[in-house]
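Asker: Residue numbers (our numbering): 7 to 421. No residue lacks a Cβ here, since even glycine has one placed at the ideal position from N, Cα and C. These numbers were taken from a predicted model, which means no experiment stands behind them.
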Amino acid sequence: MKALEKLLHKWDPMFEKGAKWEKFHPLYETMTTFAFTPKHVTKKGAHIRDGVDLKRTMFMVVIALIPCLLFGIYNTGHWHYEIQSYLPGSEFEAYRDYMTGFGDKVLYGLSRVLPLLVVSYGVGLAIEFVFGFLKGHSLHEGYLVSGMLIPLIMPVDVPLWMVGVATAFAVIIGKEVFGGTGMNILNVALTARAFLFFAYPTAMSGDKVWKGGTADVIAANNGMLPDGATGATALADLQAMKTNLTESASLLLEKFQAQYDPIDAFMGMIPGSVGETSTLAVLIGALILLATGVASWRIIVSFFAGGFLFGLLMNAIGGNAYFDMPAYYHLIIGGFAFGAVFMATDPVTAAQTSVGKLWYGFLAGGIAVLIRTLNPAYPEGVMLAILFMNVMAPIIDHYVIQANVKRRLKRLKTA
7 MKALEKLLHK WDPMFEKGAK WEKFHPLYET MTTFAFTPKH VTKKGAHIRD
57 GVDLKRTMFM VVIALIPCLL FGIYNTGHWH YEIQSYLPGS EFEAYRDYMT
107 GFGDKVLYGL SRVLPLLVVS YGVGLAIEFV FGFLKGHSLH EGYLVSGMLI
157 PLIMPVDVPL WMVGVATAFA VIIGKEVFGG TGMNILNVAL TARAFLFFAY
207 PTAMSGDKVW KGGTADVIAA NNGMLPDGAT GATALADLQA MKTNLTESAS
257 LLLEKFQAQY DPIDAFMGMI PGSVGETSTL AVLIGALILL ATGVASWRII
307 VSFFAGGFLF GLLMNAIGGN AYFDMPAYYH LIIGGFAFGA VFMATDPVTA
357 AQTSVGKLWY GFLAGGIAVL IRTLNPAYPE GVMLAILFMN VMAPIIDHYV
407 IQANVKRRLK RLKTA
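1) Closer than 6 Å by C-beta to I373: which residues in its own chain qualify, once you throw out the five before and the five after it? Chain order, please.
2) Please classify K416: does DSSP put it in a helix, a strand, or coil?
3) Taking its Cβ as the centre, do 16 or more other Cβ atoms sit within 10 Å of S284, making it buried, or is it exposed?
4) Any chance the CB of G128 is under 6 Å from a heavy atom of the ligand SAM?
5) Taking G153 as the reference, which of L123, L140 and I133 has the closest Cα?
6) On a CA-only basis, which of N190, L131, T82 and G234 is nearest G107? Give me that one, please.
7) Taking 8 Å as the cut-off, does the stretch 255 to 270 touch the stretch 129 to 141 (at least 3 CB pairs, one atom from each stretch)?
8) DSSP on Q265, reduced to helix/strand/coil?
9) So, are the CB atoms of R199 and M389 less than 7 Å apart?
10) Around the Cβ of H86, are there at least 16 other Cβ atoms within 10 angstroms (buried) or fewer (exposed)?
11) Check whether the stretch 286 to 305 touches the stretch 71 to 81, counting contact only when three or more Cβ pairs, one atom from each stretch, lie closer than 8 Å.
12) Assuming V472 contacts Y80 (C-beta within less than 8 Å), just tell me the rounded distance between them.
13) In whole angstroms, what separates the C-alpha of G312 from that of P94?
14) Taking G148 as the reference, which of G212, V162, R62 and I179 has the closest Cα?
15) Compute the beta-carbon to beta-carbon distance between G180 and V194, rounded to the nearest angstrom, for a pair I have assumed lies under 8 Å.
16) Taking C-beta to C-beta, are K214 and P277 nearer than 7 Å?
17) Throw me the rounded Cβ distance for the S279 and G341 pair, which I believe falls under 8 Å.
18) With respect to the alpha helix (DSSP H) encompassing T197, which residues constitute its N-terminal and C-terminal limits?
19) With a cut-off of 8 Å on the beta carbons, I'd call F368 and S308 a contact; round off their distance for me.
20) Taking the C-alpha atoms as reference points, what is the distance between K363 and I269?
21) Apart from the five residues on each side of it in sequence, which residues of its chain come closer than 8 Å, Cβ to Cβ, to G219?
22) On a Cα-Cα basis, can you pick out the residue from F135, A100 and L75 that is closest to G6?
23) Mapping the DSSP letters down to three states, classify A238 as helix, strand or coil.
24) Could you compute how far the alpha carbon of E282 sits from the alpha carbon of I159?
25) Is the Cβ-Cβ distance between L295 and E386 less than 7 Å?
26) Within 10 angstroms of the Cβ of T197, are there 16 or more other Cβ atoms? Answer buried if so, exposed if not.
27) Please state whether the Cβ-Cβ distance between S126 and T187 is less than 7 Å.
28) Kindly indicate which residue of D222, L244, S360 and F314 has the alpha-carbon position closest to the one of I402.
29) Would you kindly report the start and end of the unbroken alpha helix (DSSP H) that includes N321?
30) When you compare the CB positions of T379 and F344, do they come within less than 7 Å of one another, or not?
31) With a CB to CB cut of under 6 Å and the five nearest residues on each side skipped, what residues in its chain are close to A357?
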């Protein structure tokens, strides 16, 4: 590696100020710092000295996302073959068992998830390179994480061109107009998802987007889902239960729990966005982030606590199957766990003070449950809750700091 580093740095003089290729210095610096630690040293006193730079920190988040990515690939393949198995004369009936056809499911999952990753990274990094070139700085490291997050929070059947458009919107409008990495006020990946949700709602909701090939199955079956098949997610089924007036809430809840076993939901063996379904995979990633000090435990713990307590509050109010659903279900279905670990903990858009992080996480988790249970139009509330708290984070920090100042002034007066 030392020999490779020396060979690479032999080109340094060609990109220095006044040299032949000076204008390409941002591109060259991006490549060299991506491969090796920068040679720069501090010229004067530094606030913090650390052996890990921003690129390495971002790499730790990417590594933490790998369990979700790998499980999402397999889960995508499973639900594709599961819905195919309901077609008359299908040869895939045995594939309804989760572990049957492992190789076929992995291959199909790769064929659907990898293009999403390629489009996300291709569009996002191209835009980052352009802005870096125009501003005269190297590629911002933050997109290493955003480029992975965007595909993981999308339905598998979302068109690739939509992913490209959403990525461009999120990078340009959600980040670059505010100054780039470290300056954005909203989570970039959630900005991409929110853009698609409001601009192309039919591609982000309904019963045709969560299992790969559902539209083809419907077309092959005279425009209807085959008997016994469903393309809905757990949250969509709960949403339907809220408006079901023909059956009691207890009976509807009993049916839901029979269809979505808590262990299956925790493991992730349910339909949903590519990388969000497995709470187990998310918690593995959380351990990596906490062990390396990248994520804040205060936000993660308070997010889960807020969701659970607000779930208990809904249980106390009651009224329909969604309100009566055990509070712990909120933590293991939908994107709740994924949002708590990988979205709410974004160090740029989250609260910065220790107490502020507790309030920020608690309110985000609680509001997510409130939106799920009270909103009649949209079954998931994690995205909107985190984006709302992104906006509120500076206000939370402001009042936390003001409270500390008042306490100190009070102690000073009584001293």
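Answerer: The answer reads as follows:
1) A391
2) helix
3) buried
4) For the structure depicted, the ligand SAM is absent and the ligand set is empty, with no information on it obtainable.
5) L123
6) T82
7) no
8) helix
9) yes
10) buried
11) yes
12) The chain is shown from 7 up to 421; residue 472 falls before or after that span and cannot be answered.
13) 46 Å
14) R62
15) 5 Å
16) no
17) 6 Å
18) V194 to A205
19) 4 Å
20) 30 Å
21) H86, I89, Q90 and D163
22) A query on residue 6 cannot be resolved here, the shown segment of the chain reaching from 7 to 421 and no further.
23) coil
24) 6 Å
25) no
26) buried
27) no
28) S360
29) W303 to I323
30) no
31) K363, Y366, A399, I402 and D403
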